[in-house]
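J.:
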Amino acid sequence: MTVRARVILFRYWLKLCICITTFTVYAQDANVSLDDYLQQLTQLHQLQLVYESRLTQGKSVTATQLKLMLEQVAFQKPLSQILQQHNLTFKLLNNGTLIIVEAKQSSANLAVTQVKKRSSKHKLPMEKIVVTGINLANKFSLFQTAYPVSVISESDTELQQSSSAAEVLAKVPGLYLERSAGTVGNNAYTRGLPNDNFRYVRMLEDGLPSFEEGAGAFTNADIFIRMDKSIARIEAVKGGSGSIVASNAAGATVNIVNKKSTDVAEGEFVWTTTDFGLQRLDVFAALPITDAVSAHAAGYWSNGQTVRELPFNLPAGGQVKFGITYVDELADVHFNFKRIHDHNVFYPAVPMRNQAQGFANLNPIKSSYMSADMAELKLFDGQGQRKSVSNLEQGVESSLSSYTFLTTLRLSPNWQLDNKLRYVTGSIDFSAAFSGGARLADLSSELADIQADYTQVDSFRFAYLAEPQQLVSLQQLPNQLLNDVGIWRSQVDLNNWINDINLNYLWHGENDLSHSLTLGYYHSQFQQTQLWNWQSVVTEVVDSARLIDIFAVDKNGQVVVPYTDKGVWKHHANLAEFADDVTYSAWYLVDNIQLSDTLRLDLGYRYQSVDKKGFVRPTEQKNLRTDETDAWILQQVSVFQPKVEPYVYAADARAWTLGLNYDWSEQLAFFARYSSTFRITAEFAQWFDCCQPIEKNISLIELGSKLNQGKLSAFVTLFANDFPEIAISNQIIDEETQQVVIESANAGSKAHGVEWDLYWQALPWLDFTFSGFVQSLKYSRFDSVQGDYRGKQIVRQPNYRLNLQNKYYWSQNQHFIYVAAELVGRRYQDAANTLVLPAYAIWSLGGAFQLNEDWSLNWVINNLTNELALTEGSPRASQVLAHQTDYFVGRAIDGRNSHISIKYRFW
-14 MTVRARVILF RYWLKLCICI TTFTVYAQDA NVSLDDYLQQ LTQLHQLQLV
36 YESRLTQGKS VTATQLKLML EQVAFQKPLS QILQQHNLTF KLLNNGTLII
86 VEAKQSSANL AVTQVKKRSS KHKLPMEKIV VTGINLANKF SLFQTAYPVS
136 VISESDTELQ QSSSAAEVLA KVPGLYLERS AGTVGNNAYT RGLPNDNFRY
186 VRMLEDGLPS FEEGAGAFTN ADIFIRMDKS IARIEAVKGG SGSIVASNAA
236 GATVNIVNKK STDVAEGEFV WTTTDFGLQR LDVFAALPIT DAVSAHAAGY
286 WSNGQTVREL PFNLPAGGQV KFGITYVDEL ADVHFNFKRI HDHNVFYPAV
336 PMRNQAQGFA NLNPIKSSYM SADMAELKLF DGQGQRKSVS NLEQGVESSL
386 SSYTFLTTLR LSPNWQLDNK LRYVTGSIDF SAAFSGGARL ADLSSELADI
436 QADYTQVDSF RFAYLAEPQQ LVSLQQLPNQ LLNDVGIWRS QVDLNNWIND
486 INLNYLWHGE NDLSHSLTLG YYHSQFQQTQ LWNWQSVVTE VVDSARLIDI
536 FAVDKNGQVV VPYTDKGVWK HHANLAEFAD DVTYSAWYLV DNIQLSDTLR
586 LDLGYRYQSV DKKGFVRPTE QKNLRTDETD AWILQQVSVF QPKVEPYVYA
636 ADARAWTLGL NYDWSEQLAF FARYSSTFRI TAEFAQWFDC CQPIEKNISL
686 IELGSKLNQG KLSAFVTLFA NDFPEIAISN QIIDEETQQV VIESANAGSK
736 AHGVEWDLYW QALPWLDFTF SGFVQSLKYS RFDSVQGDYR GKQIVRQPNY
786 RLNLQNKYYW SQNQHFIYVA AELVGRRYQD AANTLVLPAY AIWSLGGAFQ
836 LNEDWSLNWV INNLTNELAL TEGSPRASQV LAHQTDYFVG RAIDGRNSHI
886 SIKYRFW
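Each step along the sequence shown adds one to the number in our numbering, with nothing skipped, and position 315 is 300.
1. Does Met212 come out as helix, strand or coil in the three-state DSSP assignment?
2. Can you check the region 838 to 863 for any beta strand (DSSP E) of at least 3 residues that lies completely inside it and give the ranges in chain order?
3. Kindly indicate the opening and closing residues of the beta strand (DSSP E) around Phe946.
4. Which whole-angstrom value describes the C-beta separation of Leu488 and Gly411, a residue pair presumed to lie in contact below a C-beta threshold of 8 Å?
5. Going by DSSP, what residue range makes up the alpha helix (DSSP H) through Asp434?
6. What residue does the alpha helix (DSSP H) around Gln145 start on, and which one ends it?
7. Would you mind working out which of Ala616, Trp517 and Asp566 sits nearest Gly599, comparing C-alpha positions?
8. Could you tell me which whole beta strand (DSSP E) segments of length 3 or greater appear in the region 740 to 826?
9. Which stretch, first to last residue, makes up the alpha helix (DSSP H) that contains Phe673?
10. Just to confirm my understanding: we take Gln290, look at its own chain, exclude 5 residues before and 5 after, and list those with CB closer than 8 Å. What are they?
11. How is the beta strand (DSSP E) around Leu574 delimited, first residue to last?
12. Per the DSSP calculation, Ala282 is bridged to which residue(s)?
13. Classify Gly695: buried if its beta carbon has 16 or more other beta carbons within 10 angstroms, exposed otherwise.
14. Starting from Glu253, follow its DSSP beta bridges and name the residues at the other end.
15. Classify Lys696 as helix, strand or coil using the three-state DSSP reduction.
16. Quick one: what's Ile533 bridged to in DSSP?
17. Need the endpoints of the beta strand (DSSP E) that Met337 sits in, please.
18. Would Val409 pass as a contact of Phe125 if the rule is Cβ separation under 7 Å?
19. What are the uninterrupted segments assigned as alpha helix (DSSP H) that are 4 or more residues long and contained completely in the region 150 to 182, given in chain order?
20. Excluding the 5 residues preceding and the 5 following Asp773 in the sequence, name in chain order all residues of the same chain whose CB lies nearer than 7 Å to its CB.
21. Start and end of the beta strand (DSSP E) containing Ile84?
22. What distance in whole Å lies between the Cβ atoms of Val374 and Ser353, which are believed to be in contact at a cut-off of 8 Å?
23. Looking only at its own chain, which residues have a Cβ that is under 6 Å from the Cβ of Phe891, when we skip the five neighbours before and after it?
24. Decide yes or no for the touch test of the region 648 to 657 against the region 496 to 505: beta carbon pairs closer than 8 Å, at least 3 of them.
25. Is Phe417 near Trp473, with beta carbons less than 7 Å apart?
26. Compute the Euclidean distance between the alpha carbons of Arg591 and Ala571, then round it to the nearest angstrom.
27. So for Thr27, helix, strand or coil by DSSP?
28. According to DSSP, is Trp649 part of a helix, a strand, or is it coil?
29. Ignoring anything shorter than 4 residues, give me the alpha helix (DSSP H) runs that lie fully in the region 475 to 536, in order along the chain.
30. Output the boundary residues of the alpha helix (DSSP H) element that contains Ser65.
31. Decide if Pro631 is buried, meaning its Cβ has at least 16 other Cβ atoms within 10 Å, or exposed.
32. From Ile67 to Lys888, what distance separates their C-alpha atoms?
33. At a cut of 8 Å, does the region 163 to 179 reach the region 791 to 804 through at least three beta carbon pairs?
34. Which whole-angstrom value is the C-beta distance of Leu849 and Ile350, which I expect to be below 8 Å?
35. First and last residue of the beta strand (DSSP E) that includes Met359?
36. Does Glu152 pass the burial test, meaning 16 or more other C-beta atoms within 10 Å, or should it be called exposed?
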């Protein structure tokens, strides 16, 4: 018998069974429980229903109503009529998954029902529905997934009161976030996979990337994402299974699920104020337009104040969103528009005496290090004309628009078509100060160079820009040190078309056998141009560091020639222009196979190709000195050549995964998974003729268990990965030429460990969460000119991270306070493990108060103990073998800060 014949026969057999049952009940003129009715409905239409048991307890339907269900092809109308009789209603989540709620409630959060009053103090983690990963058309609960998932709810993000994606993701087991840069420009790591940025952590919004290359130069994924009230939840899938249905997701997939419109009016605003001057307004509102159409709008405005003091005020900015949703029996259509226009500071690493102590008048957790001198710097453009400015007072200016269309067509009870389309366009003006290492601790080579041209030069003296005649020695400067800082301006223009379409087929066989088969095609094309104009400047070593000029003097202390140019000691430390036209195409296939009522198998395969073309504009050295009074360093300044150097590149790669899930009982389940995946680089390899453009054969193994037993839930995963070919690349300052160069090395790595997410309701008024990971992460090989560092700990990632939080509730569960701690293990700045980044602990305190039915108050104090908490060390120094100098350059997290927000539900 053919498969199609079996499917047809099974469907008629199922209908016959239901008809016989219905006839028997009808003949006896008896009622059927609402639970039985819903169970038969799910079997007939292959649906998944999510509801609280209390909603159906003791409720029934008549035999006539049950018969009506069988006589109609579409289920929506009879189901709606029956639920209305019991003051209930249903909402389509997506892809055939429904949630049943009380009619007075709204489902703006989709997966979690909302009421105006805080209805439950305790979360139920394992009952949350997950829409991210290879589930696709099967919307399993967290307990049912065959891969590790963490869910961050809307209430979790409210407590943190942060617009930074890195801050929100910091507690996800398996992830480590370097969140010391500010709102944007941070780094994400997962399970010991090497390299920074969001290279192996794929950031999605509603299943699509916010921009295709979220780990590119100055296109970090967090630049395209802001936290606001329109976010329903965030789902983080760890491991290789996510790379089947998402592009370049070798380590983890993080999906931000936005709220859709609702069929009842709903709205709220939140006003946030801080102890450092930040003022912020968040708004969300949703309205029904017709029975099938609804709309929503959301956004925030911020005055731009920052935790660390700046010598200037960033302009205000924010984000707006607008969405329309259409839902009927056959289709879901959603359109969303998002506009970001804001300004964010990027914090540089600052000089320190060592990894535990700052300098006098330079507090590394309070200082932004930037000064008005740096913001007003006059620069040469690419043709050698002094026309442009450093633009630091604008910060990282993001001007981005995104248009999204999400469509689901229910073709039949067995067939469903999903399509996701997004267009992204805009620009990023990334103006920031970057650490330059510690190269000014010794100026002997610079002195020798200038003495070759001016034999009368004896030594160097120094002066502030505002006092050019007041020459001082190094010993007369604050902390008796000079520091080099990069003033980088990188301008990016981009646009990106992304489309992901998949066809889902659900097949039922005998003995509980079923297949949920998905065939999908992903296509993404983006164009970008990037213009880099970077300088190296000389500063003093104090907070708000002023620029310093260096002068070459004779034995009598008379100036022979200025060495630097108004504080700049290297114009165009990196001058570059790139253009890219990149196309990603991918086919993927997923089969979720239910072998029995307790055993499920899934298979996934992805084939992805990339085609690139573009150009790099070469540079040449030009002498911009016009007379002897000009700075000596103007003899050699990079300028653009008129020609460009085109490039063409193509590559492909494959990923596959195999997973098994076994339900030992209703409270305990186990899973196992093997994945082989890849990462294709979109940029540096072609720009700089360096590095590996593609990383293949990344192997990941996972063994996990899930517990959901009353007041205790746990998700524990053992993991191991093998990364045979690492594309190591880092932009550093060359000691000899003072130019920014790409440091690269050939390496491999292996990591293994355990991650967990535990929740325990110890008492009716007390609960605990405990999450984190412990891992061993080592280089399996490391070939470089500096040495062989196999067996050393992979740079910048900790061997453990622990997060603990407890909540205490009172006053009928309407209020709570919490204490949270984050403990992060030792890390290293370099592969040789010579520079240690010490372990640290961060304590936070917060709470929430339900003032009445409509008003609530949240507050939080972050980093109570003012912990230093260094993240990356000096990123511009070598990450292979860091050289010891007279001082250390490090970047700390923000010091102690507090937020208070008040929320009002106006609908």
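Where is the CB? At the ideal position from N, CA and C, for every residue including glycine.
These figures come from a predicted structure and were not determined experimentally.
T.: On the basis of the coordinates in this document:
1. coil
2. 840 to 847
3. A question about residue 946 goes unanswered here, because the residues of the chain that appear run from -14 up to 892.
4. Between Gly411 and Leu488 the Cβ distance is about 32 Å, and since that is not below 8 Å, they are no contact.
5. Ser429 to Asp438
6. Glu139 to Gln145
7. Asp566
8. 751 to 769, 785 to 795 and 800 to 809
9. Phe669 to Phe673
10. Thr259, Phe261, Gly262, Leu263, Gln264, Asn298 and Leu299
11. Val553 to Gln579
12. Ala270 and Phe307
13. exposed
14. Phe269 and Arg890
15. coil
16. Tyr449
17. Val335 to Met337
18. no
19. 150 to 154
20. Phe767
21. Thr82 to Glu87
22. About 19 Å; that fails the 8 Å criterion.
23. Gly252
24. no
25. Note on residue identity: the sequence assigns Ala, not Phe, to residue 417. For Ala417 and Trp473, yes; Cβs fall inside 7 Å.
26. 7 Å
27. helix
28. coil
29. none
30. Gln61 to Gln70
31. exposed
32. 36 Å
33. no
34. That belief does not hold up - the Cβ atoms of Leu849 and Ile350 are roughly 13 Å apart, past 8 Å.
35. Unbroken run through Met359 is the alpha helix (DSSP H), Ala357 to Ala360; no beta strand (DSSP E).
36. buried
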